[in-house]
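Trainee:
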Amino acid sequence: MLTNNPVRRLTACAALPLFLLAAGCSESHGRSPEQLDAMIAEEAREANETEGDGTPESRFDPESLMCEPAVDAPGGWRTETPRNAVAEEPVELGAMASEETDVTGAELTVVGPDDEPLTATVPVEGDEWATVEFPGDFEGAELASGVYTVLWTDEESGSPLACDGFEVG
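In terms of this note's numbering, the sequence shown has 138 at position 156, counting the first letter as 1, and numbering is strictly consecutive.
1. Do the CB positions of Glu62 and Ala77 come within less than 9 Å of each other?
2. What residues are listed by DSSP as bridge partners for Gly59?
3. What's the C-alpha gap between Pro72 and Leu47?
4. Quick one: measure Cβ to Cβ for Thr99 and Val93, integer angstroms, because I've assumed they're closer than 8 Å.
5. With distances taken between CB atoms, is the gap from Phe42 to Phe120 smaller than 9 Å?
6. Return the Cβ separation of Thr113 and Leu75 in integer angstroms, given the expectation that the two are a contact with Cβ distance under 8 Å.
7. Should Thr131 be labelled buried (16 or more other beta-carbon atoms within 10 Å of its own) or exposed?
8. Specify the secondary structure class of Arg65 as computed by DSSP and reduced to three states.
9. Grab me the residues of Val129's own chain with a C-beta within less than 7 Å of its C-beta, minus the 5 sequence neighbours each way, in chain order.
10. In three-state terms, what does DSSP make of Thr113?
11. Starting from Gly128 and walking both ways along the beta strand (DSSP E), at which residues does that stretch end?
12. Locate the beta strand (DSSP E) running through Glu50, then write down its first and last residues.
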(Lines of atoms letter the chains of each structure in order from A and count residues from 1; the text may use other names and numbers.)
(Lines give C-alpha, C1' and ligand atoms only; values in the text may rest on other atoms or scores of the structure.)
Protein backbone atom coordinates (compact mmCIF):
# COMPACT_ATOMS: atom_id res chain seq x y z
CA MET A 1 0.00 0.00 0.00
CA LEU A 2 1.27 3.49 -0.84
CA THR A 3 0.81 5.06 2.59
CA ASN A 4 2.53 2.27 4.60
CA ASN A 5 5.93 2.57 2.91
CA PRO A 6 7.82 5.72 4.08
CA VAL A 7 9.76 5.99 0.79
CA ARG A 8 6.57 5.82 -1.25
CA ARG A 9 4.89 8.34 1.06
CA LEU A 10 7.82 10.76 0.64
CA THR A 11 7.87 10.23 -3.12
CA ALA A 12 4.14 10.90 -3.37
CA CYS A 13 4.45 14.04 -1.25
CA ALA A 14 7.32 15.35 -3.38
CA ALA A 15 5.69 14.44 -6.69
CA LEU A 16 2.37 16.17 -6.01
CA PRO A 17 3.75 19.76 -5.86
CA LEU A 18 5.90 19.12 -8.94
CA PHE A 19 2.86 17.82 -10.82
CA LEU A 20 0.79 20.85 -9.81
CA LEU A 21 3.60 23.22 -10.76
CA ALA A 22 4.03 21.58 -14.16
CA ALA A 23 0.29 21.68 -14.79
CA GLY A 24 0.13 25.38 -13.91
CA CYS A 25 3.17 26.30 -16.00
CA SER A 26 2.02 24.39 -19.04
CA GLU A 27 -1.06 26.53 -19.51
CA SER A 28 -0.52 29.10 -22.24
CA HIS A 29 -1.76 32.66 -22.02
CA GLY A 30 -2.36 32.49 -25.77
CA ARG A 31 -0.23 35.50 -26.75
CA SER A 32 2.96 35.65 -28.77
CA PRO A 33 5.99 37.64 -27.56
CA GLU A 34 5.18 40.27 -30.21
CA GLN A 35 1.63 40.61 -28.91
CA LEU A 36 2.92 40.96 -25.35
CA ASP A 37 5.40 43.64 -26.49
CA ALA A 38 2.58 45.54 -28.21
CA MET A 39 0.42 45.28 -25.07
CA ILE A 40 3.24 46.63 -22.90
CA ALA A 41 3.88 49.47 -25.35
CA GLU A 42 0.17 50.36 -25.38
CA GLU A 43 0.07 50.45 -21.58
CA ALA A 44 3.16 52.68 -21.55
CA ARG A 45 1.54 55.03 -24.09
CA GLU A 46 -1.66 55.20 -22.03
CA ALA A 47 0.35 55.86 -18.87
CA ASN A 48 2.15 58.62 -20.73
CA GLU A 49 -0.92 60.74 -21.43
CA THR A 50 -0.18 64.33 -22.34
CA GLU A 51 -0.55 67.30 -20.04
CA GLY A 52 -2.68 70.34 -20.87
CA ASP A 53 0.14 71.91 -22.91
CA GLY A 54 0.54 68.73 -24.99
CA THR A 55 3.81 67.50 -23.48
CA PRO A 56 3.95 63.95 -22.09
CA GLU A 57 4.24 63.56 -18.33
CA SER A 58 7.51 61.60 -18.52
CA ARG A 59 10.41 63.22 -16.73
CA PHE A 60 14.09 62.28 -16.74
CA ASP A 61 15.75 61.19 -13.50
CA PRO A 62 19.53 61.84 -13.63
CA GLU A 63 20.15 59.34 -10.80
CA SER A 64 18.61 56.35 -12.61
CA LEU A 65 19.25 57.75 -16.13
CA MET A 66 15.65 56.81 -16.99
CA CYS A 67 12.35 58.54 -17.63
CA GLU A 68 9.32 57.92 -15.46
CA PRO A 69 6.85 56.87 -16.68
CA ALA A 70 8.86 55.09 -19.37
CA VAL A 71 8.14 55.62 -23.05
CA ASP A 72 8.07 52.24 -24.80
CA ALA A 73 7.41 52.56 -28.51
CA PRO A 74 7.45 49.84 -31.17
CA GLY A 75 10.66 49.83 -33.18
CA GLY A 76 13.16 49.83 -30.33
CA TRP A 77 14.25 53.47 -30.41
CA ARG A 78 17.70 54.18 -28.99
CA THR A 79 18.68 57.59 -27.66
CA GLU A 80 21.91 59.37 -26.97
CA THR A 81 22.44 62.25 -24.56
CA PRO A 82 25.33 63.17 -22.26
CA ARG A 83 25.50 60.81 -19.26
CA ASN A 84 27.51 63.20 -17.11
CA ALA A 85 26.48 66.74 -16.19
CA VAL A 86 27.51 69.20 -18.89
CA ALA A 87 28.80 72.70 -18.26
CA GLU A 88 28.67 74.27 -21.70
CA GLU A 89 26.71 74.19 -24.91
CA PRO A 90 25.95 72.78 -27.38
CA VAL A 91 24.48 69.52 -26.13
CA GLU A 92 24.01 66.93 -28.89
CA LEU A 93 20.80 64.89 -28.69
CA GLY A 94 20.30 61.82 -30.87
CA ALA A 95 17.85 59.01 -31.55
CA MET A 96 17.68 56.04 -33.90
CA ALA A 97 15.17 53.27 -34.53
CA SER A 98 16.86 49.87 -34.49
CA GLU A 99 14.20 48.28 -36.70
CA GLU A 100 12.30 49.30 -39.81
CA THR A 101 10.15 52.33 -39.05
CA ASP A 102 7.51 54.32 -40.88
CA VAL A 103 8.55 57.45 -39.01
CA THR A 104 10.03 60.05 -41.38
CA GLY A 105 10.32 62.94 -38.95
CA ALA A 106 10.55 63.41 -35.22
CA GLU A 107 9.60 66.30 -32.99
CA LEU A 108 11.78 66.79 -29.95
CA THR A 109 10.38 68.48 -26.91
CA VAL A 110 12.95 69.53 -24.35
CA VAL A 111 11.54 70.39 -20.93
CA GLY A 112 14.08 72.22 -18.81
CA PRO A 113 14.28 73.19 -15.15
CA ASP A 114 11.67 75.92 -15.74
CA ASP A 115 9.16 73.29 -17.03
CA GLU A 116 8.72 75.25 -20.28
CA PRO A 117 8.65 72.95 -23.34
CA LEU A 118 10.87 73.88 -26.30
CA THR A 119 10.52 72.04 -29.63
CA ALA A 120 12.54 71.26 -32.73
CA THR A 121 12.05 68.83 -35.61
CA VAL A 122 14.50 66.47 -37.27
CA PRO A 123 14.19 64.12 -40.26
CA VAL A 124 14.44 60.38 -39.56
CA GLU A 125 16.20 58.25 -42.17
CA GLY A 126 16.21 54.48 -41.74
CA ASP A 127 18.91 53.23 -39.42
CA GLU A 128 20.84 56.53 -39.15
CA TRP A 129 21.09 58.71 -36.06
CA ALA A 130 18.78 61.73 -36.07
CA THR A 131 20.57 64.50 -34.16
CA VAL A 132 19.96 68.05 -32.99
CA GLU A 133 21.88 70.46 -30.79
CA PHE A 134 20.49 72.13 -27.70
CA PRO A 135 20.03 75.06 -27.37
CA GLY A 136 21.02 75.98 -30.96
CA ASP A 137 18.25 74.11 -32.80
CA PHE A 138 15.52 75.24 -30.37
CA GLU A 139 14.13 78.74 -30.83
CA GLY A 140 14.48 80.87 -27.71
CA ALA A 141 16.35 78.19 -25.76
CA GLU A 142 19.10 78.89 -23.25
CA LEU A 143 21.22 76.47 -21.28
CA ALA A 144 20.69 76.83 -17.52
CA SER A 145 21.62 74.63 -14.57
CA GLY A 146 19.24 71.77 -13.88
CA VAL A 147 17.70 68.62 -15.32
CA TYR A 148 16.36 68.46 -18.89
CA THR A 149 13.92 65.89 -20.27
CA VAL A 150 14.09 65.08 -24.00
CA LEU A 151 10.88 63.63 -25.46
CA TRP A 152 10.92 62.23 -29.00
CA THR A 153 7.55 61.95 -30.79
CA ASP A 154 6.45 61.03 -34.31
CA GLU A 155 6.14 64.35 -36.15
CA GLU A 156 3.03 63.15 -38.05
CA SER A 157 1.02 61.24 -35.45
CA GLY A 158 2.39 62.72 -32.22
CA SER A 159 2.94 59.20 -30.84
CA PRO A 160 5.72 59.01 -28.23
CA LEU A 161 8.90 57.36 -29.52
CA ALA A 162 11.47 57.75 -26.75
CA CYS A 163 12.42 59.69 -23.66
CA ASP A 164 15.87 60.59 -22.33
CA GLY A 165 17.51 63.54 -20.69
CA PHE A 166 20.61 65.26 -19.45
CA GLU A 167 21.79 67.47 -16.63
CA VAL A 168 23.53 70.85 -16.73
CA GLY A 169 25.53 71.67 -13.68
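Glycine residues also receive a C-beta, built at the ideal position from the N, C-alpha and C atoms.
Mentor: According to the structure shown:
1. yes
2. In the sequence as presented, Gly is not what sits at residue 59; that position holds Trp. Answer is Ala79, bridged to Trp59.
3. 20 Å
4. Thr is not the amino acid found at residue 99; the sequence shown has Pro there. Sure, about 5 Å apart at Cβ, within 8 Å.
5. Against a cut-off of 9 Å, the Cβ pair of Phe120 and Phe42 comes out as no contact.
6. 7 Å between Cβ atoms; contact.
7. buried
8. When secondary structure is reduced to three states using DSSP, Arg65 falls in the coil class, being assigned neither helix nor strand.
9. Apart from sequence neighbours up to five positions away, the residues of its chain that approach Val129 with a beta-carbon distance below 7 Å are Phe42, Pro44, Pro95, Gly147 and Glu149, ordered along the chain.
10. strand
11. Gly128 to Asp136
12. Start and end: Met48 to Glu50.
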